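Here the structure comes first, spelled out in structure tokens, and everything after it is commentary.
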């Protein structure tokens with residue numbers, strides 16, 4: 003099983019309200035940033051055309067998985083599509099060293115601390131999904147997935163106690179994390195079948211039994227596979243969460259609960 007984690011270094015993708023052109027990278031599994039303030043009114047690239055939310059995958063599975071697997075980012079106050087790549091490594095700088103994480107698939111990964119001087123040690127023996135910070139508190143999201151059978155994610159707070167970094171579990175995600183985004187003091191997580199909002203250790207299910215979850219058959223280069231729509235990138239603006247996946251972009255208005263779908267149809 004290929005490693006699925008992606009972690010942006012905190013210095014790679016800082017989405018601040020004063021910055022109209024955030025950095026982005028082709029090594030993208032999901033939009034995972036330390037901060038993503040509301041941009042206000044965002045434009046949407048002309049490559050996206052408003053369509054119908056693809057709920058009936060039995061009829062559209064060939065069409066949608068045949069479309070490009072994309073990530074979404076904001077550039078010049080416009081949501082655009084970028085190609086996605088993968089990495090299984092990430093790190094977070096802390097005051098006395100670096101916390102490093104990796105995802106080794108079903109063989110397990112690890113979160114460890116590497117001090118500026120002295121020996122490294124393991125904090126957690128779980129696969130890394132991503133690091134993030136809220137109000138100067140440091141967190142790590144871990145994941146495990148084996149052929150889709152044992153999916154789960156967990157959130158740990160990373161705490162320095164007695165001069166040693168420790169992990170305190172604060173939340174069981176209850177599904178496979180696919181993407182996450184921090185907006186001020188809120189954490190949004192897309193899982194294999196839901197969209198969650200987590201704040202102050204409390205969770206709210208915004209979407210459950212999501213249309214992107216079902217594993218559906220598709221053909222590629224004469225081979226037959228199973229796969230979901232892979233919702234692995236996120237952007238926040240217009241009081242809306244935008245999620246990039248196979249075939250296009252889904253939009254969920256946090257104020258009204260209204261939803262839209264945009265087909266990715268570059269000219």
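Residue numbers (this note's numbering): 3 to 269.
For every residue, glycine included, the Cβ atom is placed at its ideal position computed from N, Cα and C.
Computed from a predicted structure; not experimentally measured.
Just how far apart, CA to CA, sit residue i and residue j?
i, j, result
"residue 81", "residue 50", "9 Å"
"residue 212", "residue 192", "10 Å"
"residue 246", "residue 253", "9 Å"
"residue 188", "residue 264", "25 Å"
"residue 239", "residue 173", "26 Å"
"residue 257", "residue 98", "41 Å"
"residue 171", "residue 48", "43 Å"
"residue 242", "residue 259", "9 Å"
"residue 177", "residue 197", "10 Å"
"residue 53", "residue 131", "31 Å"
"residue 183", "residue 120", "34 Å"
"residue 71", "residue 85", "7 Å"
"residue 167", "residue 127", "14 Å"
"residue 129", "residue 255", "32 Å"
"residue 90", "residue 206", "29 Å"
"residue 77", "residue 125", "36 Å"
With burial defined as no fewer than 16 other Cβ atoms inside 10 Å of the residue's Cβ, what is the status of residue i: buried or exposed?
i, result
"residue 268", "exposed"
"residue 55", "exposed"
"residue 123", "exposed"
"residue 140", "buried"
"residue 214", "buried"
"residue 231", "buried"
"residue 58", "exposed"
"residue 79", "exposed"
"residue 43", "exposed"
"residue 203", "exposed"
"residue 118", "exposed"
Find the nearest neighbour of residue i within the set the options, judged by alpha-carbon distance.
i, options, result
"residue 137", "112, 247 and 186", "186"
"residue 175", "167, 184 and 156", "156"
"residue 45", "244, 248, 261 and 206", "244"
"residue 112", "169, 75 and 249", "169"
"residue 133", "109, 107 and 94", "94"
"residue 200", "158, 167, 233 and 234", "158"
"residue 109", "262, 115 and 146", "146"
"residue 114", "78, 74 and 162", "162"
"residue 165", "116, 127 and 202", "116"
"residue 160", "91, 75 and 96", "96"
State the beta-bridge partners of residue i as determined by DSSP.
i, result
"residue 213", "Paired residues: none, contrary to the question."
"residue 52", "264"
"residue 189", "184 and 200"
"residue 246", "235 and 251"
| query | Which parts of the segment 78 to 105 are runs of the beta strand (DSSP E), unbroken and 3 residues or longer, counting only runs that do not cross its ends? | reply | 80 to 85, 91 to 96 and 99 to 104
| field | Ordered list of beta strand (DSSP E) runs contained in the segment 115 to 179, each at least 3 residues | value | 123 to 126, 129 to 136, 139 to 146, 154 to 163 and 166 to 174
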